[in-house]
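Chains as they are written, first to last, in the numbering used here: chain A, 1 to 115; chain B, 1001 to 1112.
Yeah, the Cβ is synthetic: ideal placement off N, Cα and C, and Gly gets one too.
Inspection log for the structure reproduced underneath, given as C-alpha cells.
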Amino acid sequence: QIQLVQSGPELKKPGESVKISCKASGYTFTDYAMHWVKQAPGKGLKWMGWINTYTGKPTYADDFKGRFVFSLEASASTANLQISNLKNEDTATYFCARTRNFDYWGQGVMVTVSS
Amino acid sequence: DVVMTQTPVSLPVSLGGQASISCRSSQSLVHSNGNTYLHWYLQKPGQSPQLLIYRVSNRFSGVPDRFSGSGSGTDFTLKISRVEPEDLGDYYCLQSTHFPDTFGAGTKLELK
C-alpha cells in the first residue's frame, strides 16, 4: 500500500537548521510530484511548494523562498525539506503530500522553535 | 493569489443529518486543459488531512458515497449525508489550478 512516512519531531533554537524527511513506498517515487504543506498550531493549511521527483526541480510559494529547500534522495524514494535560520514563526507541523491531488499524506512532523 | 472563501467556519450537525460546505474562489478554477482542480479534505483531530473528493466531484478510493462534491467555475459544494461520528473534524477545500495552490480556511464539523 502507498505510504509516506516522515521523520520524527524536532526541537530547535532560533537560528538553527532542520531537515525533515518523507519516505515514500508502495509506488514508483519518480512518477509523482511531492508537495509540502505547513500547519501552524491551531491554524489552517498553507501550501509551501512542490518538487518534481523526476527532474529534482523545486518550486516554492513566495512565502517560502530563501530559507526553505526541497531536495530528493531518489534512490531512497525520499523527499526532504530543509529550513535554515529557524524563526519562532516556523513552529508548525510540516506535511508532505503526493501529487497534484494531494492524494496521500505523511503523518506530519512537528517542528518547535524555541529559545 | 486565488482566495478560497470557505463557509461556514463552524457547522453543528446531528448524527444522521446532512451537512453542506461551500467554497468560493476569487477566479475561475477551470484550467487551460479543461480540468478543474478543486479538491476536498478532512482532517480529524491529531491526524493528517485525507483526500475525500478530487477534481470537484470524484470520490477518492475508499470514501463512502455519503460524501459528494459539486460545482463549477468559482462555486463549489461538499455535501455529507447521514453524518457519522467519524465524519467530525476540519474540512478544507484546495485549488491547484493556479499558482500558488491555496486552501480554504477550513470548516469545523461538530456535533450539535
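Roughly how many whole angstroms lie between the Cα atoms of residue i and residue j?
{"i": "residue 117 of chain A", "j": "residue 81 of chain A", "result": "Here chain A comprises residues numbered 1 to 115, so residue 117 of chain A is not present and cannot be evaluated."}
{"i": "residue 1085 of chain B", "j": "residue 1046 of chain B", "result": "16 angstroms"}
{"i": "residue 984 of chain B", "j": "residue 1033 of chain B", "result": "Residue 984 of chain B lies beyond the residue range present for chain B, which begins at 1001 and ends at 1112; the question has no answer from this structure."}
{"i": "residue 74 of chain A", "j": "residue 1014 of chain B", "result": "47 angstroms"}
{"i": "residue 975 of chain B", "j": "residue 1012 of chain B", "result": "There is no way to answer for residue 975 of chain B, as the model of chain B reaches only from 1001 to 1112."}
{"i": "residue 106 of chain A", "j": "residue 1017 of chain B", "result": "31 angstroms"}
{"i": "residue 1109 of chain B", "j": "residue 1051 of chain B", "result": "16 angstroms"}
{"i": "residue 1107 of chain B", "j": "residue 1081 of chain B", "result": "16 angstroms"}
{"i": "residue 1009 of chain B", "j": "residue 43 of chain A", "result": "12 angstroms"}
{"i": "residue 21 of chain A", "j": "residue 87 of chain A", "result": "20 angstroms"}
{"i": "residue 1020 of chain B", "j": "residue 1103 of chain B", "result": "17 angstroms"}
{"i": "residue 6 of chain A", "j": "residue 48 of chain A", "result": "16 angstroms"}
{"i": "residue 23 of chain A", "j": "residue 72 of chain A", "result": "10 angstroms"}
{"i": "residue 1006 of chain B", "j": "residue 1065 of chain B", "result": "22 angstroms"}
Please go through the same chain and pick out, in chain order, the residues whose beta-carbon is closer than 6 angstroms to the beta-carbon of residue i, but skip the five residues on each side of it.
{"i": "residue 1043 of chain B", "result": "1049, 1089 and 1090"}
{"i": "residue 1073 of chain B", "result": "1028"}
{"i": "residue 2 of chain A", "result": "26, 27 and 104"}
{"i": "residue 108 of chain A", "result": "93 and 95"}
{"i": "residue 1038 of chain B", "result": "1029, 1056, 1076 and 1095"}
Could you list which residues in chain A have their beta carbon closer than 7 angstroms to that of residue i, in chain order?
{"i": "residue 1101 of chain B", "result": "47"}
{"i": "residue 1096 of chain B", "result": "100"}
Run through chain B and tell me which residues come within less than 8 angstroms of residue i, C-beta to C-beta.
{"i": "residue 103 of chain A", "result": "1051, 1054 and 1060"}
Can you name, in chain order, every residue of its own chain whose Cβ lies under 8 angstroms from the Cβ of residue i, other than the five neighbours on each side?
{"i": "residue 30 of chain A", "result": "53, 54 and 74"}
{"i": "residue 1053 of chain B", "result": "1039, 1040, 1059, 1060, 1063, 1067, 1068, 1069 and 1078"}
{"i": "residue 50 of chain A", "result": "33, 34, 35, 36, 58, 59 and 70"}
Give the interface partners of residue i over in chain B, defined as CB-CB distance under 7 angstroms, in chain order.
{"i": "residue 108 of chain A", "result": "1048"}
{"i": "residue 61 of chain A", "result": "1100"}
Note down, in chain order, each residue of its chain lying with its Cβ closer than 7 angstroms to the Cβ of residue i, except the 5 sequence neighbours on either side.
{"i": "residue 84 of chain A", "result": "17 and 67"}
{"i": "residue 90 of chain A", "result": "83, 111 and 113"}
At a CB-CB cut-off below 8 angstroms, which residues of chain A make contact with residue i?
{"i": "residue 1105 of chain B", "result": "44"}
Residues within the segment 1021-1040 of chain B neighbouring chain A, beta-carbon criterion of under 8 angstroms: 1037 and 1039
Contact the segment 88-99 of chain A vs the segment 1092-1104 of chain B: 3+ CB pairs below 8 angstroms: no
Residues of the segment 1058-1072 of chain B with Cβ closer than 8 angstroms to any Cβ of chain A, in chain order: 1060
Against chain B: residues of the segment 79-106 of chain A by CB proximity under 7 angstroms: 95, 100, 101, 102, 103, 105 and 106
Members of the segment 1072-1093 of chain B near chain A, C-beta cut-off 9 angstroms: 1090 and 1092
Chain-ordered residues of the segment 18-44 of chain A with a beta carbon less than 7 angstroms from chain B: Here the close residues are 44.
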